[in-house]
Amino acid sequence: MPMDEAIEQQLVDAETGDVYDTETRETVSFFRAVKEGLVKPEDEKPTKIPLSRVVDKGWYSPKRGTVSVPGYDKPMPLDETFRRGIVNLDTVLVIDKNSNEYIPAMQAEENGLIDLLDGVVKDIDHNRDMPMAQALNKGIIIPRRVPMSLEAVIRRKLYHPGTGRIIVPGTDEPVKLDEAIHRQLIDSESSQIKDTQKNESVTLERAITTRLVDITTGQVTDTRSGHSKPLDSAYREGMIWTKPMPVDLTDAVQMGLYEPDTGKIIDPASGEDVTLQQAVELKIINVESIIVVDVETKVIHTYDRAVRAGLVDTERGVIRQPDHDVPLDRAFDQGMLAERKPPLALQEFVEKELYERATGHLIIFRTKERVTIEEAIVRTEINTFAETMKHPDTNEVLNLLETIERGFLDPVSGAVTDPRSGEEINLAEAMEHQVLLPPPKRVPLREVFEKNMYDPRTGRVSEPDTHETFTVERAIKIRLIDVSCTIVRDDRKNRVLSFPRALREGIINGTTGVYCPDKTRRMPLNEAFKEGFISDVELPMSIKDAIQKGVYDEDTGLFFDPTTGDWLTLLEAVEERGILDEKSVLNFETHSDYSLQEAFEVGLVVDSRHSLSLQQAIKDGMYDDETGRFTDSVSGWKVSLHDIIKRFIINPGLPCYFDTEEERLLNLNETCRAGIIDRRRGTFRHPKTGYDISLSEALRKGFIIDFEKPMSLYNLVHMGFYDPQTGKIVQPRTWSEADPGGRRETPPARS
1 MPMDEAIEQQ
11 LVDAETGDVY
21 DTETRETVSF
31 FRAVKEGLVK
41 PEDEKPTKIP
51 LSRVVDKGWY
61 SPKRGTVSVP
71 GYDKPMPLDE
81 TFRRGIVNLD
91 TVLVIDKNSN
101 EYIPAMQAEE
111 NGLIDLLDGV
121 VKDIDHNRDM
131 PMAQALNKGI
141 IIPRRVPMSL
151 EAVIRRKLYH
161 PGTGRIIVPG
171 TDEPVKLDEA
181 IHRQLIDSES
191 SQIKDTQKNE
201 SVTLERAITT
211 RLVDITTGQV
221 TDTRSGHSKP
231 LDSAYREGMI
241 WTKPMPVDLT
251 DAVQMGLYEP
261 DTGKIIDPAS
271 GEDVTLQQAV
281 ELKIINVESI
291 IVVDVETKVI
301 HTYDRAVRAG
311 LVDTERGVIR
321 QPDHDVPLDR
331 AFDQGMLAER
341 KPPLALQEFV
351 EKELYERATG
361 HLIIFRTKER
371 VTIEEAIVRT
381 EINTFAETMK
391 HPDTNEVLNL
401 LETIERGFLD
411 PVSGAVTDPR
421 SGEEINLAEA
431 MEHQVLLPPP
441 KRVPLREVFE
451 KNMYDPRTGR
461 VSEPDTHETF
471 TVERAIKIRL
481 IDVSCTIVRD
491 DRKNRVLSFP
501 RALREGIING
511 TTGVYCPDKT
521 RRMPLNEAFK
531 EGFISDVELP
541 MSIKDAIQKG
551 VYDEDTGLFF
561 DPTTGDWLTL
571 LEAVEERGIL
581 DEKSVLNFET
591 HSDYSLQEAF
601 EVGLVVDSRH
611 SLSLQQAIKD
621 GMYDDETGRF
631 TDSVSGWKVS
641 LHDIIKRFII
651 NPGLPCYFDT
661 EEERLLNLNE
671 TCRAGIIDRR
681 RGTFRHPKTG
691 YDISLSEALR
701 KGFIIDFEKP
711 MSLYNLVHMG
721 FYDPQTGKIV
731 QPRTWSEADP
741 GGRRETPPAR
751 S
């Protein structure tokens, strides 16, 4: 327990420092207490235990409602293990009966569903408080875990053939199949059921929907014979199998798949214990994004390099230290193991314009350093295992290292040998000529909605080629969608979060695919995106863009990094010195301080790389009438309107079209969503005639509002640029207010 609590309970004398030993019932000096391990530094506190491990190991007694944790003298009530931090509260889920969804315990406490201090759950049905142990027994509280496959449930004898029920580990409660899925015991996606007549397999979820599996009887229908069979019989006959779905090592440790006592990993597909080495080889565990820190040399290694260096014992499942071994759960707590964002594939460097054609060098995004491919490999800044090209003779798919070994890529010059012609070409040409494979598909959230990959009815995401559907959480895990540059707004606390943190805190429900910031609001993710609660940011961004996107906090002067969730000073955010003061901007005429937001409004700060309006881009000659594409002023490449908006070269939030029927002004984003502008083809479709014309013609004919030239007072008022409450006119280019005489409103300076 913390020192202040020990003093409060009179276990430590605040005057003398003497410590009372509860085992021997004697008082000892503070020095002796430290020597005997009664007093330990905070960094040596026991690792928090996942609730799933407590339940699965039989440490929880459902009859008494107590937990017997090894290393502690006596059993303690379940709620006490939460309060004392023995059981990791992040691994606890609580059902919200309004939505019938499980949410993180911390969010449940904020919503008033549980009281951690009193150790109770609010029983809404009976208007009373329920002890937490009773709530766990009834499935109101459940462990957050990696769900098992149906195969693993059968093999672990958690299926009762006579009743067709699933036995809940720890409480021995029998539940129906759909309830077991709801409680995250069974993975309905990896569990596959065979339709014997069609000779094809479907997910368990689909099998339940089509009644191939009966949730009431817990039996599966053999469609060839028409007979129903218990699940265990169907498994033995090959009608039930498991589709492999790797779990990140971080999740495996945090959600109870790792057993610290043995160093083994539980295979969620089979239920068997395997070594770390086997788990990686069988693709049960994904270690791509894991880094290992050598505490002696402070060198950071990739997982594979750490194994070769002998830092990781893959048979015993521990991190090796000179004088002792560290279990993986403790290694994560102590920072020896960590997770980092996976490095980019070679093709992604080219696609994201982090590549110099002239030198063949790659540009490291964070440091802006120019390095050769070879240097990027040595520094683990590039994904060496990503599929890079297909061998022309054998059709074998080669990763980056194999492409280099076969002589198709020079890692120093960056030149690619075209296997068809033998000609040396640069990486960009190799991409254009399809010598290199397309980059790995990781679709930004914005495109997920634009391509209709997200179904708001089910909250699931579909893979475009196979049409297989996944939960949002699973789609992120398998890297189908990219949320590394996505931010989520939490209006209750007036803050922004990274998408992964919003998932952890339950603001985004990764299973049902909805945005739920509190117990009264729930909306599909695409609606939340339209409303601005969720948004993608394009990195790197200008300061002005950061302000517009809500990434800049005016109170603290800090910038939010969506990739890490950290708040940075201006200096840290741009990694340059002497451009602007990191907290505010000094007005040398008045010697007053302004925040960056105010400085932009006053005009003290101008954006050297500000985004343009669509209208200005057309007038500047960036738009090509014939192709409908725009010239990217940075790279010189011809790109679609969609891409140039994504790079925030054109600001999609500026006025574009006035809907005369609804008397409503639409910005560029809304105009595209309404189907009036096709952002892929770069054309304008007149809503009344249905004819497509070029954007420049639409601007000339006045279909696109031209606010880059003076507007009549009538149009300003009619289109909503005049605010009758303040008597001010909104400047269309910046959305800041000016009085009708043309003077900009200057905010009061901060002294």
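Residue 1 is where the sequence shown starts when you use full-length UniProt numbering, and the numbers rise one by one after that.
Positions of the beta carbon are idealized from the N, C-alpha and C atoms, including for glycine.
Since the structure is predicted, the reported quantities are computational estimates derived from the model, not experimental observations.
Give the secondary structure of N715 by DSSP, where H, G and I count as helix, E and B as strand, and everything else as coil.
DSSP places N715 in helix when its eight states are reduced to three.
Can you tell which of Q616, I705, G621 has the C-alpha that lies nearest to the C-alpha of D659?
I705
If M132 and G112 are in contact, beta carbons under 8 Å, what's the gap, nearest whole angstrom?
15 Å between Cβ atoms; not a contact.
Distance between P438 and L409 (C-alpha atoms, nearest Å)
So the alpha carbons of these two residues sit roughly 16 Å apart.
Under 9 Å between C-beta atoms of G513 and R442:
No. Outside cutoff.
I'd like to know whether the C-beta atoms of S188 and T203 end up nearer to each other than 9 Å.
For S188 and T203, yes; Cβs fall inside 9 Å.
For R401 and Q616, what's the separation of their Cα atoms in angstroms?
The question names Arg, but residue 401 in the sequence shown is Leu. Distance between the alpha carbons of L401 and Q616 is about 45 Å.
By Cβ distance below 6 Å, which residues in the same chain neighbour R489 in space, the five residues on each side in sequence not counted?
V496, F533
Would you kindly report the start and end of the unbroken alpha helix (DSSP H) that includes D56?
Note, D56: alpha helix (DSSP H), 51-56.
Under a three-way DSSP split, which group does Q192 fall into?
strand
Give me the residue from M245, T221, G226 with the minimum Cα distance to A234.
T221
Can you tell me where the beta strand (DSSP E) with A338 in it begins and where it stops?
Its beta strand (DSSP E) spans residues 337-339.
Looking only at its chain, what residues have a beta carbon closer than 8 Å to the beta carbon of S52, apart from the 5 residues adjacent to it on each side?
T91, P143, R144, R145, M255, G256
Can you tell which of H182, R224, V175 has the C-alpha that lies nearest to the C-alpha of D195?
R224
Curious, which full-length alpha helix (DSSP H) runs of at least 4 residues does the segment 222-251 contain?
231-236, all fully within the segment 222-251.
Contacting residues, own chain, Cβ-Cβ under 7 Å from N399 (five flanking each side not counted)
T384, F385, A386, E387, T388
Secondary structure of I319, DSSP reduced to three states
strand
Using C-beta distances below 7 Å, list every residue in its chain close to G675, excluding the 5 sequence neighbours before and after it, in chain order.
The answer, listed in chain order, is R685.
Just the Cα atoms here: how many angstroms apart are D251 and R420?
44 Å
Rounded straight-line distance, which links the Cα of H642 to that of Y623
13 Å
At which residues does the alpha helix (DSSP H) containing L525 begin and terminate?
Its alpha helix (DSSP H) spans residues 525-530.
Should the segment 263-278 be called in touch with the segment 315-330, which here means at least 3 C-beta pairs below 8 Å?
yes
Residues sharing a beta bridge with Q219, DSSP
D214, P230
Quick one: complete beta strand (DSSP E) runs, 3+ long, within the segment 470-512?
You should have 486-490, 495-498.
Measuring straight from C-alpha to C-alpha, what distance separates A180 and I166?
7 Å
Paired residues, beta bridge with M76 - DSSP:
V67
Looking at the secondary structure, which residues open and close the alpha helix (DSSP H) in which R330 lies?
328-333
Beta-carbon proximity of I645 to L666, cut-off 9 Å
Judged by beta-carbon spacing, L666 lies beyond the 9 Å limit of I645, meaning their Cβ atoms are not closer than that value.
Cβ neighbours of H591 in the same chain (closer than 8 Å, five flanking residues each side left out):
A caution first: H591 carries a pLDDT of 46, below 50, which makes its placement in the model too unreliable to give a value.
When the distance is taken between beta carbons, is I377 closer than 9 Å to R370?
no
For R664, write down the residues that DSSP places opposite it in a beta bridge.
D659
Taking the C-alpha atoms as reference points, what is the distance between L38 and E374?
52 Å
Based on DSSP bridge pairs, tell me the residues matched to S462.
T469
With burial defined as no fewer than 16 other Cβ atoms inside 10 Å of the residue's Cβ, what is the status of T627: buried or exposed?
exposed
In whole angstroms, give me the CA-to-CA distance for T66 and E80.
In a straight line, the C-alpha of T66 is about 9 Å away from that of E80.
Minimum C-alpha distance to L116 - residue among P62, Y102, I141
I141
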